[in-house]
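A.B. asks: Before I ask anything, let me first share the structure, which is written out below as structure tokens.
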Amino acid sequence: MKKILGTTEEFQQLLATMPQIVFISDPQWNILYINERWYEYTGTSLSINLDNMFEFTHPDDIELILKSWKLAKSTETHWLQEYRLRRHDGVYHWHLGCSAPEKDAHGQIKRWIGTITDIEEQKKIEEILKITKESLEQKVTERTLELTQTNAFLDTVIENIPNMIFVKDAEHLKFVRFNRAGEDLIGIGREHLIGKSDYDLFPSDQAEAFQAKDRAVIAGKTLVDISEEPISTQTGMRTLHTKKLPVYDSAGVPRYLLGISEDVTELKKLEKERLLFIEERISKKEDERTSKRFKFLSEASAQLGSTLDYELTLINLTNLSVPAIADWCAVELLQPDGSLKQIAVAHQNPEKIKWAWELLGKYPPDPNATFGSANVVRTGRSEMLSEISFDLLKASAINQEHLNLLQSIGLRSCICAPIRARGKVLGALTLVTTEESKRSFTQTDLHLAEEIGERAGAAVENAQLYKEARNLNRIKDEFLATLSHELRTPLNVILGHAEILKSEYNDLDRAQIKSSVEAIFRNAKTQTGLIADLLDVSSIITGKVSYKPTQVVPADTVTNIVNSLQNTAEAKGIILVSDTSQSPEAVLADPTRLHQIIWNLISNAVKFTPQGGRVTVKVNRELSQWGIAVTDTGRGIDPDFLPYVFDRFRQEDSSTTRKYGGLGLGLSIVRHLVEMHGGIVQALSKGKDQGATFQITLPMTGQISKLNPDQKKEILVETLIEQKAKAELKNIKILLVEDSEDSRMLIKLILNRAGAYVVEAESANEARAKLASFTPDIIVSDVGMPEESGIEFIKALREKKSTAQNIPAIALTAYVRKEEKDTIVKAGFQTHVSKPVSSQLLLNEIQALLQKINFY
110 MKKILGTTEE FQQLLATMPQ IVFISDPQWN ILYINERWYE YTGTSLSINL DNMFEFTHPD
170 DIELILKSWK LAKSTETHWL QEYRLRRHDG VYHWHLGCSA PEKDAHGQIK RWIGTITDIE
230 EQKKIEEILK ITKESLEQKV TERTLELTQT NAFLDTVIEN IPNMIFVKDA EHLKFVRFNR
290 AGEDLIGIGR EHLIGKSDYD LFPSDQAEAF QAKDRAVIAG KTLVDISEEP ISTQTGMRTL
350 HTKKLPVYDS AGVPRYLLGI SEDVTELKKL EKERLLFIEE RISKKEDERT SKRFKFLSEA
410 SAQLGSTLDY ELTLINLTNL SVPAIADWCA VELLQPDGSL KQIAVAHQNP EKIKWAWELL
470 GKYPPDPNAT FGSANVVRTG RSEMLSEISF DLLKASAINQ EHLNLLQSIG LRSCICAPIR
530 ARGKVLGALT LVTTEESKRS FTQTDLHLAE EIGERAGAAV ENAQLYKEAR NLNRIKDEFL
590 ATLSHELRTP LNVILGHAEI LKSEYNDLDR AQIKSSVEAI FRNAKTQTGL IADLLDVSSI
650 ITGKVSYKPT QVVPADTVTN IVNSLQNTAE AKGIILVSDT SQSPEAVLAD PTRLHQIIWN
710 LISNAVKFTP QGGRVTVKVN RELSQWGIAV TDTGRGIDPD FLPYVFDRFR QEDSSTTRKY
770 GGLGLGLSIV RHLVEMHGGI VQALSKGKDQ GATFQITLPM TGQISKLNPD QKKEILVETL
830 IEQKAKAELK NIKILLVEDS EDSRMLIKLI LNRAGAYVVE AESANEARAK LASFTPDIIV
890 SDVGMPEESG IEFIKALREK KSTAQNIPAI ALTAYVRKEE KDTIVKAGFQ THVSKPVSSQ
950 LLLNEIQALL QKINFY
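Numbering-wise (our numbering), the sequence shown opens with residue 110 and increments by one.
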């Protein structure tokens, strides 16, 4: 194949994946290559040649094909022929065969390159307005520029494609390339086209319209499909179907505008002729039922798109169906519990509609029936009974009375089609005729019902999506309002006390100053917690939550958290107790994330439990699993809200008068972290003021006793580092690089108070100058600095051989996403501390880093 195509593997793959049948033949029309579409369409596995190719061609079309081929061969011009090709299931579809000669440098035909396109839909009068054109245009439009620059053979293909392909520069919108089809279409040689703009070739109003669309394509950064575009050429007015696409360089700057145009003048003329033919047929009543179905389909489509209240839409649809296509019409929708709910029923007589609803209430359909709406919804397949027999009525009836009622209706014919959207069955549409009208359904009616079912499904789904979008917008608005309130509340306290300290410091006693500082610290921690929750949710959404499992003792984690929250509980008059007697000795988990899970659950329980209440934390173990149950006697959870308690941004009470603060993120973070550990979390509550229990169950995938000596050494080292990290930094020399004067002053104060000797630098350049005469034990550098970032500073330091090359460094950063942390480490930092900086965390990280260097 590669020898035949003589081109890149990418182009071979393009030919193999094109939706059309693509073939290449020698000058005598012997087939050299044909892509997989031929074998998929015909179902044959035989090697292709001219004789067996005609085995799949309609016998009436073979002579016509041969005649047109001979004409194309003798005139060395394009071959274009419509003919019928048999599909693998025996059905003939109309196809458009198209082939162009490729000539060598001496003007001799080397081979013919062509496509065979299914145009069956274009031949159907009823579907004339919905012509679907699957062609080579999209792939050529998206990939032409790249392929033409890398492969000479592709240039040959482009030159022989019967569609006009052109390229303009994005800045001046002047033509930089035209293919042969473009020359033929415009009627001007490319030497007179290249370097020219639309204003040089077309009337000014038409040129302005072209360039306006071009500018819109470049600005919109997307593909634009212009189905009908009139153009003045040397051969007169033509109608083009044009697609335009901006092409960018590696920096994301638009460099070119790529376009492909198909001359659809004759096609549009044919459409008009066929439309006229349809109108003549309808006016002469040659096919009254077809006309009625077409009209019904149009009216039904209008009804389905008229409102986003899908129940009203479906009621209107049933009313429209009677008596246009049926005597009875009913619509049922699938409910969350798997049952079917009848939404609408229609009949010309209102009394019969009332009677039908009463009949449904008295004799509900059997959900396990092997026919009817329940079966259609279950299987997704339509059912049609051209004639409803007595045996079928008898099988459907619950009792004799029910059978008599069904007989009294005089049922004659029935269709039940699925209401479907994107492959998912949402319900069923049932159409029934009676003996009174003497109408019987046919396959055409079934196809119509299925089409209505598809359109109704799309309408229902759109309405549901709209409702869901509105609900999500409401939740978003509520969350943003809550976020604004929750962020402003501590900020208000911080600013208020800071202003008092600034303006009245000399007038305040030590107790007042201490009270203000504690208020600032307390609210800053609250705000930091809110931001941490937001960052955790961002990491969860992007799938970038860090997970570092190690050996953890659950009993210690629970005990430490309970002890930390004991003062808060006692201040509220709440009894907080824990039972770790059944706890496993050690499990494999991420200690930070496990602490976060347990802290969120216990602190939530304390938060929502009133004075005099009780919170119980129990660790349990069963076989290969362990878990924690947090039970409180608090406000409980409304049963209607219970299914959504772990949803992101959802709060049972998000009003401005709510009693409890927070963003509603804690439990959603818990669920994700638990699932990340391979576990599950459940919420149980009997209702308001009935308390609640949150139970997490996790796999117990490791025991500390099974660690090998190297792993035990690692844990010992980490433990010693953590212990020694609490030591002071006496006589430790530190270079502090920070552009913010306030931040620099604060960090220097923290380090000086710990006993460190600190040299300051407000930029990377100043830091390099200080390093010329000062050798620190460690460098603490901000990441986000003007002119030269901390990343660039440390990276340059590591690359240059000097005494400072191997000095350990800690990054101070507000960028805490995983990819940003990875960038920090790759640059040469050993670790990082997130802003806002905790003094104890900074000191611990510095000492831990120094201890690691000593150990390793």
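All residues carry an ideal CB built from backbone N, CA and C; glycine is no exception. Here the structure is a predicted model, which is why all the values come from computation and not from measurement.
Report back the beta-carbon spacing between Phe550 and Ser505 to the nearest angstrom; my notes put them in contact at under 8 angstroms.
C.D. replies: That pair is no contact at about 18 angstroms.
A.B. asks: Can you tell me whether Ser336 is buried or exposed, with buried defined as 16 or more other CB within 10 angstroms of its CB?
C.D. replies: The residue in question, Ser336, is exposed, as its Cβ has fewer than 16 Cβ neighbours within 10 Å.
A.B. asks: Between Val541 and Asp446, which are expected to be in contact by the criterion C-beta below 8 angstroms, what is the C-beta distance as a whole number of angstroms?
C.D. replies: Between Asp446 and Val541 the Cβ distance is about 27 angstroms, and since that is not below 8 angstroms, they are no contact.
A.B. asks: So the beta strand (DSSP E) Val724 belongs to, where does it begin and stop?
C.D. replies: Where Val724 is concerned, the enclosing beta strand (DSSP E) stretches over Arg723 to Glu731.
A.B. asks: What first and last residue would you give for the beta strand (DSSP E) that runs through Pro922?
C.D. replies: Looking at the sequence itself, residue 922 is Thr, so the reference to Pro does not match. Its beta strand (DSSP E) spans residues Ala918 to Thr922.
A.B. asks: If you reduce the DSSP assignment to three classes, tell me which class Tyr192 lands in.
C.D. replies: It is a strand residue.
A.B. asks: Give the DSSP-derived three-state secondary structure of Ser763 in the structure shown.
C.D. replies: Any reading at Ser763 must be qualified, since the residue scores a pLDDT of 44, below 50, and its modelled position is unreliable; no value is offered.
A.B. asks: What number of angstroms, rounded off, separates the C-alpha of Leu555 from the C-alpha of Glu784?
C.D. replies: Roughly 47 angstroms separates the two Cα atoms.
A.B. asks: Could you please give the first and the last residue of the uninterrupted beta strand (DSSP E) stretch that includes Pro168?
C.D. replies: Element bounds for Pro168: not the beta strand (DSSP E) but the alpha helix (DSSP H), Pro168 to Thr184.
A.B. asks: Between Glu954 and the rest of its own chain, which residues show a CB-CB distance below 7 angstroms, the 5 nearest in sequence each way excluded?
C.D. replies: Ile919, Thr940 and Val942.
A.B. asks: Taking 7 angstroms as the threshold (C-beta atoms), are Ala873 and Thr802 in contact?
C.D. replies: Not a contact, by the Cβ cut-off of 7 angstroms.
A.B. asks: Are the Cβ atoms of Ala530 and Gly562 separated by less than 7 angstroms?
C.D. replies: No, the Cβ-Cβ distance between Ala530 and Gly562 is not below 7 angstroms.
A.B. asks: Would you mind listing the alpha helix (DSSP H) stretches within the region 480-557 that are 4+ residues and don't spill past its ends, in chain order?
C.D. replies: Counting only runs of 4 or more, we get 482-488, 499-505 and 509-518.
A.B. asks: Would you kindly check if the distance between the Cβ of Thr224 and the Cβ of Val131 is under 7 angstroms?
C.D. replies: Yes.
A.B. asks: DSSP on Lys839, reduced to helix/strand/coil?
C.D. replies: Note: Lys839 maps to coil in three-state DSSP.
A.B. asks: Whose C-alpha, out of Lys377, Pro363, Ala209 and Ala316, is nearest the C-alpha of Pro271?
C.D. replies: Cα-wise, what sits closest to Pro271 is Ala209.
A.B. asks: In terms of alpha-carbon separation, which member of Ala465, Gln509 and Gln444 lies closest to Ala483?
C.D. replies: Comparing Cα-Cα distances from Ala483 to each of Ala465, Gln509 and Gln444, the minimum goes to Gln444.
A.B. asks: Keeping to the same chain, check which residues put their C-beta closer than 6 angstroms to that of Ser57; ignore five residues upstream and five downstream.
C.D. replies: Outside the modelled stretch of the chain, which goes from 110 to 965, sits residue 57, for which no answer is possible.
A.B. asks: Suppose only complete runs of 4+ residues qualify. What are the alpha helix (DSSP H) ranges in the region 860-923, listed by chain order?
C.D. replies: List check, alpha helix (DSSP H) in window: 873-880 and 899-908.
A.B. asks: Taking buried to mean at least 16 other C-beta atoms within 10 Å of its own C-beta, is Phe386 buried or exposed?
C.D. replies: Exposed: under 16 other Cβ atoms inside 10 Å.
A.B. asks: What is the rounded straight-line gap between the Cα of Glu145 and the Cα of Met162?
C.D. replies: If I take the Cα positions, the gap works out to 14 angstroms.
A.B. asks: Could you have a look at Arg220 and say whether DSSP puts it in helix, strand or coil?
C.D. replies: Strand.
A.B. asks: Just curious, the alpha helix (DSSP H) that Ser313 is in, first and last residue?
C.D. replies: Taken as a continuous stretch (DSSP letters only), the alpha helix (DSSP H) holding Ser313 covers Ser313 to Gly329.
A.B. asks: Confirm, please, whether the CB-CB distance from Ser134 to Trp188 is below 7 angstroms.
C.D. replies: Not a contact, by the Cβ cut-off of 7 angstroms.
A.B. asks: Between which two residues does the beta strand (DSSP E) harbouring Leu751 extend?
C.D. replies: That residue, Leu751, is in no beta strand (DSSP E); it is neither H nor E in DSSP.
A.B. asks: Going along the chain, which residues of its own chain have a beta-carbon closer than 8 angstroms to the beta-carbon of Thr659, five neighbours each way excluded?
C.D. replies: These residues qualify, in order along the chain: Leu697, Ala698, Asp699, Pro700 and Ile824.
A.B. asks: From Glu268 to Val276, what distance separates their C-alpha atoms?
C.D. replies: Glu268 and Val276: Cα-Cα distance of roughly 13 angstroms.
A.B. asks: Report yes if the C-beta distance between Leu782 and Val724 is below 7 angstroms; otherwise report no.
C.D. replies: No; because the gap between Cβ atoms is not below 7 angstroms, this pair is not in contact.
A.B. asks: Less than 7 angstroms between C-beta atoms, sequence neighbours within five positions excluded: which residues of the same chain meet that for Ser898?
C.D. replies: Correct list, in chain order: Val892.
A.B. asks: Once you ignore the five residues that flank Leu950 on each side, which residues in its own chain have a CB closer than 7 angstroms to its CB?
C.D. replies: Closer than 7 angstroms at Cβ, skipping near neighbours: Val942.
A.B. asks: Provide the residue span of the beta strand (DSSP E) that contains Arg364, from first to last.
C.D. replies: Its beta strand (DSSP E) spans residues Pro363 to Asp372.
A.B. asks: For His204, is the classification buried or exposed, using 16 other Cβ atoms within 10 angstroms of its Cβ as the cut-off for buried?
C.D. replies: It counts as buried.
A.B. asks: Which first and last residues belong to the beta strand (DSSP E) in which Pro210 is found?
C.D. replies: Here the beta strand (DSSP E) through Pro210 covers Tyr201 to Lys212.
A.B. asks: With the cut-off set at 7 angstroms, would you say Leu844 and Ile856 are in Cβ contact?
C.D. replies: Their beta carbons are not under 7 angstroms apart, which means Leu844 does not touch Ile856 by this criterion.
A.B. asks: Keeping to the same chain, check which residues put their C-beta closer than 6 angstroms to that of Asp170; ignore five residues upstream and five downstream.
C.D. replies: For Asp170, where only same-chain residues beyond five positions count, the Cβ hits under 6 angstroms are Tyr192 and Arg193.
A.B. asks: Using only the alpha-carbon positions, how far apart do Gly937 and Leu921 sit?
C.D. replies: Near 13 angstroms, if we compare the C-alpha coordinates of Leu921 and Gly937.
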